[in-house]
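For reference, the structure discussed in these notes is given below.
Residue numbers (our numbering): 104 to 679.
Okay, here's the thing in structure tokens:
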């Protein structure tokens with residue numbers, strides 16, 4: 104019996120995969136943008152990788168930042184050292200390229216896994232769209248951070264368990280040479296993930312893998328429990344062993360122990376307050392409570408609908424912890440979250456490796472969500488694009504944003520309005536239309552940032568008059584923030600953040616001839632004293648975006664005037 108045109112689900116599978124390709128292009132577009140959504144740690148990692156590459160040695164890691172040399176294991180830095188030709192091709196898009204590669208592998212893995220379980224590619228397309236259109240993936244998965252590698256390496260062991268469980272003949276727990284060999288390989292590969300982030304992540308990874316494996320068995324004996332536990336412990340030992348090679352290879356293992364093990368990891372387990380007071384405080388668990396909103400962004404209504412479906416299932420069937428793919432994915436998420444309740448320092452970013460599991464769950468129920476869910480997501484997209492259009496209008500009015508890019512943002516906003524109207528008229532394609540709304544938001548966001556990149560934000564002035572292999576004094580900001588200047592003023596310069604020195608240069612008390620310095624300037628700031636006294640000269644100027652607002656910088660009086668707190672300039676000056 105053939106399926107009639109009216110019976111076929113909308114949209115078609117082909118349309119879904121075309122949408123996937125379009126969203127993938129949005130991920131590639133703007134990867135070289137200095138203002139791409141990221142995290143302050145990116146410049147710290149770039150700083151360590153650049154200086155380590157300049158040392159022409161793999162270890163020890165090198166940094167000018169106090170107590171931030173061994174902030175992450177070396178694999179993250181070796182990755183950028185190799186891909187940049189040991190610093191010879193030091194460009195931002197090159198450093199970020201491996202993240203896109205890892206995200207691509209994650210999407211391929213999800214697609215193959217869902218196809219193996221369900222026998223079709225439609226749900227796979229939904230899953231890829233859900234993971235790529237989530238704000239957490241877009242913000243943390245593209246930059247030079249650990250998020251994309253974490254998603255891949257820490258998804259291998261659970262993915263292998265799910266892959267084997269898709270077929271009854273390979274679902275069981277076996278005490279065979281081949282089975283132990285598979286868990287040996289998984290242990291070594293998972294160790295590479297620890298070598299990107301931390302040895303502590305073996306706890307949620309091993310616990311989730313162990314629980315999923317048992318839950319996917321139709322029945323098991325005490326012998327199966329023992330074999331599963333032993334193989335999980337073997338995976339854990341091997342993974343930590345791979346990580347521990349850092350201590351063996353580093354010529355300064357005591358520094359690795361002090362900076363990374365004690366301060367970076369053990370420090371997160373300690374707190375001045377009791378564990379229970381931290382657990383039940385807004386500051387202690389607030390990040391976890393809002394993690395679904397922060398990590399999924401405009402798809403947050405989908406998460407709420409998914410939670411409602413799970414709650415209804417529990418009310419009808421009770422707490423059934425054995426089951427198929429859906430139950431295993433829920434267990435993966437639950438165990439990972441529970442383990443991460445142990446540290447006193449918590450962040451919603453710790454849950455980002457769960458995005459593939461969450462995306463697969465949303466994909467399996469995408470066509471069952473009510474129209475209210477899709478419309479809510481569309482409204483969130485419309486609200487977000489309203490803010491982007493407002494910012495684009497202000498940027499255009501002060502001459503920062505070119506007209507074509509402002510029109511692109513406006514067209515993205517218009518597209519969301521049209522799609523929202525379509526969702527109210529008909530619900531046949533509401534789910535995919537809500538995802539198109541989220542994609543249009545990313546398009547508008549990229550267009551706004553693209554208009555604020557390139558020549559618009561480079562230093563304008565005499566190109567021949569630039570520091571080269573000089574010390575340039577800059578303002579003190581977030582750790583490693585000054586590293587972005589390496590991409591704006593290349594030439595082996597050393598940027599030193601020291602506020603006291605910079606203040607002395609600004610007010611003219613430091614008159615050392617030839618001294619270079621950079622000063623951030625809001626449009627409403629008074630003239631510099633050193634310029635008024637003809638002690639310093641302005642060599643070049645660039646437009647900049649204030650990325651870390653200070654307390655009190657935005658208030659009721661200037662909230663609607665972003666020119667007073669968002670757009671700023673940076674002046675490159677030199678003492679005469």
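The beta carbon of each residue, even a glycine, is placed where N, CA and C say it ideally should be.
Those residues which DSSP pairs with residue 600 across a bridge
DSSP, once it has assigned bridges, lists 577 as partnering residue 600.
Check whether the stretch 516-529 and the stretch 548-563 touch, using three or more Cβ-Cβ pairs below 8 Å as the test.
Judged by Cβ distances under 8 Å, the stretch 516-529 makes no contact with the stretch 548-563, as fewer than three pairs qualify.
So is residue 502 buried or exposed if we call it buried at 16+ other beta carbons inside 10 Å?
So residue 502 ends up on the exposed side.
Can you check the stretch 516-558 for any alpha helix (DSSP H) of at least 4 residues that lies completely inside it and give the ranges in chain order?
For the stretch 516-558, whole alpha helix (DSSP H) runs of length 4 or above, ordered along the chain, are 533-554.
Where the beta strand (DSSP E) containing residue 223 begins and where it ends:
Neither: residue 223 is in no beta strand (DSSP E) and is coded neither H nor E.
Using CA atoms only, rank isn't needed, just tell me which of 539, 655 and 672 is closest to residue 624.
Nearest C-alpha to residue 624: 672.
The stretch 249-269 / the stretch 292-300 touching (three or more Cβ pairs under 8 Å)
At 8 Å Cβ cutoff, the stretches touch.
At least 3 beta-carbon pairs within less than 8 Å: the stretch 167-177 vs the stretch 606-621:
Not touching, per the Cβ criterion.
Going by beta-carbon coordinates alone, are residue 560 and residue 647 separated by less than 8 Å?
Going by C-beta atoms, residue 560 is nearer than 8 Å to residue 647.
At what residue ranges does the stretch 145-203 contain a whole run of the alpha helix (DSSP H), taking only runs of 4 or more?
With a minimum length of 4 residues, the continuous alpha helix (DSSP H) runs that stay inside the stretch 145-203 are 178-186.
If you draw a straight line from the C-alpha of residue 268 to the C-alpha of residue 319, how long is it?
In this structure, the alpha-carbon of residue 268 lies about 7 Å from that of residue 319.
According to DSSP, simplified to helix, strand and coil, what is residue 609?
In the structure shown, residue 609 sits in a helix (DSSP, three-state: H, G or I).
Verify whether the separation of the beta carbon atoms of residue 140 and residue 241 is less than 8 Å.
Yes, the pair counts as a contact, with Cβ atoms nearer than the cut-off.
Pull up the DSSP beta-bridge partners for residue 640, would you.
Note: residue 640 sits in a beta bridge opposite 677.
Let's test the definition: count the other Cβ atoms within 10 Å of the Cβ of residue 145 and tell me whether it reaches 16, buried, or not, exposed.
By the neighbour-count rule (16 or more Cβ atoms within 10 Å), residue 145 is buried.
Could you round the C-beta distance between residue 568 and residue 622 to whole angstroms and report it? I think they count as a contact, below 8 Å.
Rounded, the Cβ-Cβ distance is 17 Å, inconsistent with contact.
8 Å contact criterion, which residue 463 and residue 432 should meet: CB distance rounded
The pair is a contact, with the Cβ atoms about 6 Å apart (cut-off 8 Å).
Could you pull out every residue in the same chain whose Cβ sits closer than 6 Å to the Cβ of residue 109, ignoring the five residues on either side in sequence?
Note that residue 109 scores a pLDDT of 46, beneath 50, so its modelled location is shaky and nothing firm can be said.
Residue 123, DSSP secondary structure in three states:
It is helical.
Excluding the 5 residues preceding and the 5 following residue 334 in the sequence, name in chain order all residues of the same chain whose CB lies nearer than 6 Å to its CB.
Apart from sequence neighbours up to five positions away, the residues of its chain that approach residue 334 with a beta-carbon distance below 6 Å are 286, ordered along the chain.
Nearest-angstrom Cβ-Cβ length linking residue 403 and residue 392, presumed shorter than 8 Å:
Here residue 403 is actually not in contact with residue 392; their C-beta atoms are around 13 Å apart, not less than 8 Å.
Please check the pair residue 173 and residue 359, which I expect to be a contact at CB under 8 Å, by giving their CB distance rounded to whole angstroms.
Going by Cβ atoms, the distance from residue 173 to residue 359 rounds to 5 Å, so yes, they are a contact pair.
Pick helix, strand or coil for residue 564, following the three-state DSSP scheme.
Residue 564: strand per DSSP, three-state reduction.
Report the residue from 184, 164, 215 and 191 whose alpha carbon sits nearest the alpha carbon of residue 201.
When only C-alpha atoms are compared, the closest one is 184.
Does DSSP put residue 665 in a helix, in a strand, or in coil?
Taken through DSSP and simplified to helix, strand or coil, residue 665 comes out as helix.
Can you give me the C-alpha to C-alpha distance between residue 97 and residue 631, rounded to a whole angstrom?
Lying before the first or after the last residue shown, residue 97 is absent from the chain, which here runs from 104 to 679.
What are the start and end residues of the beta strand (DSSP E) that includes residue 323?
Where residue 323 is concerned, there is no enclosing beta strand (DSSP E), given that its DSSP letter is neither H nor E.
So what's residue 402 in DSSP terms, helix, strand or just coil?
Residue 402: helix per DSSP, three-state reduction.
Which residue from 281, 327, 364 and 284 puts its Cα closest to that of residue 170?
Among 281, 327, 364 and 284, the Cα nearest to that of residue 170 is on 364.
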